[in-house]
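Residue numbers (the working numbering), protein chains in the order written: chain A, 191 to 367; chain B, 191 to 367.
Laid out in structure tokens, this is it:
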């Protein structure tokens, strides 16, 4: 079940002060984040940091509702090539992909929102958590800031199964208007 | 096929000047508009102006990919009860609804985005057009302004069929930050 995104955002605002409309929308939307970034920043590209097959351990198997030992496509990207906009980690149970989709995914240079669009995938998105987090060293380096990060984790669901699990992160100093 | 929303927005900006991030997102998103309004304005309600069964004429049948003579649920609402936020006209081919969904729809007081969520509907949205329009007298009265309107028309597609066709309109003086 979807969390109450309004409540979560209010909780964060109590600590960090008022968020901008754009920040709130990026945390709450059940639509494509790529598409939003496209209209705000011009057609965005991605830079892939990691793209590999992993064997699901107990924890990730539970999150994806698959069996431990199943293969998962693990991808870490930065959305935005001119400037880093959003850091995104995704987990995809490979057995739930058809061939064309798998091929596009392994090309690694296309944002997931654009892949879903291209293949006319019908789905729904469930936001699992919205939070603020201290950045680790890698995030500090990527965004060139020590600022607090806003982050959310959500599942893209198709045919009643989790097709993609995504964690997105951006600094509170981004999208301030 | 989806239009290029980036191009359409640039075309409008050439005439009307720069749009705000929120305006651009509301025109471009393929997610729920209700959900966005919820986080920007607090849980939004709707006021139903018209809710009726219509017999599809040739034009609307073509748009919905149904047969002329088929029954269509026609609904005109204002999203936002404290202040008018968005005017929305929707067309739904009734034969494509299951019973629970139909019931919620006929209750008429729930925004469509929230109904889709409640029923875990998997879908995709295709934006057909984004435009600026002079308001007619009704829109002037609703929003209490003579300003130019921003509007878009999109289809919500499920099982490869148009489930809902929606035209949304709001004045350029709204959502300016």
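Idealized CB from N, CA, C, for every residue including glycine.
For residue i, which beta-bridge partners are listed by DSSP?
| i | result |
| --- | --- |
| residue 327 of chain A | Residue 327 of chain A pairs with nothing; no bridge assigned. |
| residue 313 of chain B | A:313 |
| residue 339 of chain B | B:323, B:361 |
| residue 244 of chain B | B:262 |
| residue 237 of chain B | B:268 |
| residue 278 of chain A | A:267, A:358 |
| residue 301 of chain A | DSSP output for residue 301 of chain A lists no bridge partner at all. |
| residue 345 of chain B | B:316, B:355 |
Do residue j and residue i come within 8 Å of each other at the CB atom, strictly closer than that value?
| i | j | result |
| --- | --- | --- |
| residue 338 of chain A | residue 362 of chain A | yes |
| residue 254 of chain B | residue 352 of chain B | yes |
| residue 246 of chain A | residue 228 of chain A | no |
| residue 210 of chain A | residue 365 of chain A | yes |
| residue 230 of chain A | residue 214 of chain B | yes |
| residue 212 of chain B | residue 330 of chain B | no |
| residue 287 of chain A | residue 234 of chain A | no |
Would you say the beta carbon of residue i comes nearer than 7 Å to a heavy atom of the ligand ATP?
| i | result |
| --- | --- |
| residue 355 of chain A | The ligand content of the structure shown is nil, which means the ligand ATP is not present either. |
Where does residue i land, buried or exposed, given buried means 16+ other C-beta within 10 angstroms?
| i | result |
| --- | --- |
| residue 312 of chain B | buried |
| residue 263 of chain A | buried |
| residue 243 of chain A | exposed |
| residue 257 of chain B | exposed |
| residue 314 of chain A | buried |
| residue 240 of chain B | exposed |
| residue 350 of chain B | exposed |
| residue 303 of chain B | buried |
| residue 248 of chain A | exposed |
| residue 270 of chain B | buried |
| residue 195 of chain A | buried |
| residue 205 of chain A | exposed |
Check the C-beta distance from residue i over to residue j and give it rounded, since I have them as a contact under 8 Å.
| i | j | result |
| --- | --- | --- |
| residue 218 of chain A | residue 199 of chain A | 7 Å |
| residue 308 of chain B | residue 294 of chain B | 7 Å |
| residue 193 of chain A | residue 322 of chain A | Going by Cβ atoms, the distance from residue 193 of chain A to residue 322 of chain A rounds to 15 Å, so no, they are not a contact pair. |
| residue 347 of chain B | residue 316 of chain B | 6 Å |
| residue 238 of chain B | residue 284 of chain B | No, residue 238 of chain B and residue 284 of chain B are not in contact; Cβ-Cβ is about 17 Å, not under 8 Å. |
Under 8 Å, with one C-beta from each stretch per pair, do the region 332-347 of chain A and the region 221-233 of chain A reach the 3-pair mark?
Cβ pair count under 8 Å is below three, so no.
Within 8 Å, do at least three Cβ pairs link the region 265-281 of chain B to the region 357-367 of chain B?
Taking a cut-off of 8 Å for Cβ pairs, the region 357-367 of chain B and the region 265-281 of chain B touch, as three or more such pairs fall below it.
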